[in-house]
Amino acid sequence: DESEISEIERYMKQETGSKQSTGMFGVAEDKNVIFVSIESFQNYLLDSDINGTETTPFLNDLKERDDTIWFENFYHQTAQGKTSDSEFIVENSLYPLDRGSVYFTHAQNDYHSLPEILNNNNYETSVFHANNKSFWNRDVMYDNIGYDEFYADDSYEETPENSFGWGLEDKEFFKQSMPYLEEQDQPFYSKFITLTHHFPFELPEEKANIDQYDSGSQTLNASFQTARYTDEALEVFFEELKKSGIYDDSIIILMGDHYGISEFHNKAMGEFMGTEIDGYEHMQLQRVPFMIHIPGYQEAEKHEEVVGQIDVKPTLLNLLGIEDKNDLTFGSDMFSEDRKGFIAMRDGSFVSDHYIYTDSICYDRETGEEIDPEKEACAPIRETVDRELQYSNDIIYGDLFRFYDFN
Ligand code: GP9
Ligand code: MN
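Have a look at this one:
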């Protein structure tokens, strides 16, 4: 009820809210935002090669450029809701639920989501994803949180040549999206959700431009081919955006939604990485690409801060110069000096500047060494993490934003 939300509000305003940076405020004011959620993409793919062929030549180049801000320690924070969890975290800066998908279980709640805020600031908002509208209950949730348009599989032309695995291949997906994108009123916010690099990483042989890896895991082996394919699709998309003229008035954000290779493949993954996958390495494998590409910008740097999906909403609003003073977010602006200092996973694991905590073990983040349990180094952050996860659950299960005035 109202007293619960007041307590949570106090916590969020003190600990997680109003941490906007001034330096980057409004850098992308009035720009279109093209947000690409890259299916199952993890950081181990970046700068990797198979038999001397780069897996992700386009992304490797993009992340080093002066017009791309790359956060190399960006973590996904999803749970059972997979892609839908990543969408939920980005749109709301709340945690996903400990079980199920909030997109299914609490699609009718009151939220104060990114598309709604952008709508209020004169943006047209849309989602592009070539799958069934009701997958993950997206049609219902999108409607509730304020997306203007949802271009789903019925907006695309699928043929036996351009579809396999989960459906329409990413290159066709981007190409066929262009006419719809060109119809958007500017400025727009458009989210694109790719599909080809999804388990079981199926790709017709003639579309593969890199070898499979060679290990005991057919899943890991095949994943390099679909990752390479999606990297090429992103390059196609950038070219299409340039051709249409949209590129110059836009920023493009690329984000991996969650892991693609589960811990069942730890043995093969360990061979690939050249190290055994313990709890520490497992956590480090939860890093996914996060790049902010700003055409015309020349001062971009690589960022080493520990950040995650929970931070996307405040970061993006800050870049767009949108002040939403009463917003309640568990994330902070990634560019702020005064960030919260940890990224929490749904199961209570976390990564902080100095520590990584998982499965009741506290590791030194720099060295990966286990810290003597007597030292209790992780304990204070553990408490805050549990508190935040509980607050987030309270908000969702109790639909507490009903009682809060965002104006
Ligand atoms: C389905 C796509 C994949 O539409 O988003 O979902 P996932 O299995 O990754 O949650
Ligand atoms: Mn996914």
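Taking UniProt numbering, the leading residue of the sequence shown gets 213, the next gets one more, and so forth. Glycine included, C-beta positions come from ideal geometry on N, C-alpha and C. Predicted model only: the values in this text are computed from it and were never measured.
How big is the Cα-Cα spacing for residue i and residue j?
{"i": "Glu219", "j": "Met485", "result": "45 Å"}
{"i": "Asp565", "j": "Val597", "result": "14 Å"}
{"i": "Arg311", "j": "Gly377", "result": "27 Å"}
{"i": "Pro507", "j": "Ser389", "result": "21 Å"}
{"i": "Gly472", "j": "Asp355", "result": "28 Å"}
{"i": "Lys454", "j": "Ile357", "result": "30 Å"}
{"i": "Thr371", "j": "Leu407", "result": "16 Å"}
{"i": "Ile217", "j": "Ile458", "result": "41 Å"}
{"i": "Thr442", "j": "Thr267", "result": "10 Å"}
{"i": "Ala364", "j": "Phe347", "result": "10 Å"}
{"i": "Arg551", "j": "Phe413", "result": "37 Å"}
{"i": "Arg222", "j": "Val302", "result": "22 Å"}
{"i": "Glu595", "j": "Asp397", "result": "46 Å"}
{"i": "Gly553", "j": "Tyr567", "result": "10 Å"}
{"i": "Asp366", "j": "Tyr287", "result": "33 Å"}
{"i": "Asp242", "j": "Glu284", "result": "27 Å"}
{"i": "Asp539", "j": "Asn331", "result": "15 Å"}
{"i": "Leu531", "j": "Asp273", "result": "23 Å"}
{"i": "Asp490", "j": "His318", "result": "35 Å"}
{"i": "Arg440", "j": "Pro416", "result": "13 Å"}
{"i": "Glu384", "j": "Glu549", "result": "41 Å"}
{"i": "Glu373", "j": "Asp423", "result": "21 Å"}
{"i": "Glu593", "j": "Ser456", "result": "The identity of residue 593 in the sequence shown is Ile, whereas the question assumes Glu. Those two C-alpha atoms are separated by around 48 Å."}
{"i": "Asp611", "j": "Ser429", "result": "43 Å"}
{"i": "Asp360", "j": "Asn433", "result": "40 Å"}
Look at the Cβ atom of residue i, then the Cβ atom of residue j, and state whether they are nearer than 8 Å.
{"i": "Thr431", "j": "Phe411", "result": "yes"}
{"i": "Gly235", "j": "Phe547", "result": "yes"}
{"i": "Tyr401", "j": "Thr337", "result": "yes"}
{"i": "Leu466", "j": "Ile250", "result": "yes"}
{"i": "Ile555", "j": "Gly520", "result": "yes"}
{"i": "Tyr425", "j": "Ile246", "result": "no"}
{"i": "Val487", "j": "Met224", "result": "The sequence given here places Thr at residue 487; Val does not occur at that position. No, these two residues do not count as a Cβ contact at 8 Å."}
{"i": "Ala512", "j": "Arg277", "result": "yes"}
{"i": "Val563", "j": "Met503", "result": "no"}
{"i": "His409", "j": "Thr438", "result": "yes"}
{"i": "Ser325", "j": "Gly293", "result": "no"}
{"i": "Ile573", "j": "Glu586", "result": "no"}
{"i": "Ser435", "j": "Ala480", "result": "no"}
{"i": "Asn334", "j": "Pro399", "result": "yes"}
{"i": "Asp279", "j": "His505", "result": "yes"}
{"i": "Thr265", "j": "Gly543", "result": "no"}
{"i": "Gly379", "j": "Asn343", "result": "yes"}
{"i": "Phe615", "j": "Glu214", "result": "yes"}
Round the Cβ separation of residue i and residue j to the nearest angstrom and send it over; I've been treating them as touching at under 8 Å.
{"i": "Gln289", "j": "Tyr307", "result": "7 Å"}
{"i": "Thr295", "j": "Asp469", "result": "5 Å"}
{"i": "Phe340", "j": "Lys403", "result": "7 Å"}
{"i": "Asp322", "j": "Phe613", "result": "4 Å"}
{"i": "Phe253", "j": "Val500", "result": "6 Å"}
{"i": "Arg558", "j": "Ala291", "result": "4 Å"}
{"i": "Ile405", "j": "Leu529", "result": "With 8 Å as the limit, Ile405 and Leu529 do not qualify as a contact, their Cβ atoms being about 21 Å apart."}
Name the DSSP beta bridge partners of residue i, please?
{"i": "Trp348", "result": "Per DSSP, none; premise fails for Trp348."}
{"i": "His410", "result": "Answer is none; His410 lacks a bridge partner."}
{"i": "Phe554", "result": "Ser564"}
{"i": "Ser249", "result": "Ile405, Met467"}
{"i": "Trp282", "result": "Met503, Lys514"}
{"i": "Glu582", "result": "Tyr575"}
{"i": "Ile262", "result": "Thr265"}
{"i": "residue 201", "result": "With the chain running from 213 to 619 in the structure shown, residue 201 is simply not present."}
{"i": "Thr442", "result": "Paired residues: none, contrary to the question."}
{"i": "Gly238", "result": "Answer by DSSP bridge pairing: none, since Gly238 is not bridged."}
{"i": "Thr541", "result": "The partner list for Thr541 (beta bridge, DSSP) is empty, contrary to what the question assumes."}
{"i": "Gly379", "result": "Phe376"}
{"i": "Tyr307", "result": "Bridge partners of Tyr307: none, in fact."}
{"i": "Asn244", "result": "Ser462"}
{"i": "Tyr569", "result": "Phe562, Cys574"}
Within the continuous beta strand (DSSP E) that includes residue i, where are the two ends?
{"i": "Asn605", "result": "Element bounds for Asn605: not the beta strand (DSSP E) but the alpha helix (DSSP H), 591 to 609."}
{"i": "Glu303", "result": "Glu303 -> not in any beta strand (DSSP E); alpha helix (DSSP H) instead, spanning 294 to 304."}
{"i": "Phe362", "result": "361 to 363"}
{"i": "Thr337", "result": "336 to 340"}
Between which two residues does the alpha helix (DSSP H) carrying residue i extend?
{"i": "Val314", "result": "314 to 317"}
{"i": "Met485", "result": "478 to 485"}
{"i": "Tyr492", "result": "491 to 496"}
{"i": "Tyr575", "result": "Segment 573 to 576 is the beta strand (DSSP E) holding Tyr575; no alpha helix (DSSP H) there."}
{"i": "Met390", "result": "382 to 395"}
{"i": "Phe270", "result": "269 to 275"}
{"i": "Pro399", "result": "Where Pro399 is concerned, there is no enclosing alpha helix (DSSP H), given that its DSSP letter is neither H nor E."}
{"i": "Leu529", "result": "524 to 531"}
{"i": "Pro327", "result": "326 to 332"}
{"i": "Ile217", "result": "214 to 223"}
Quick check on residue i - is its C-beta less than 8 Å from some C-beta in chain D?
{"i": "Glu578", "result": "The chain inventory of the structure shown lacks chain D, comprising one protein chain alone."}
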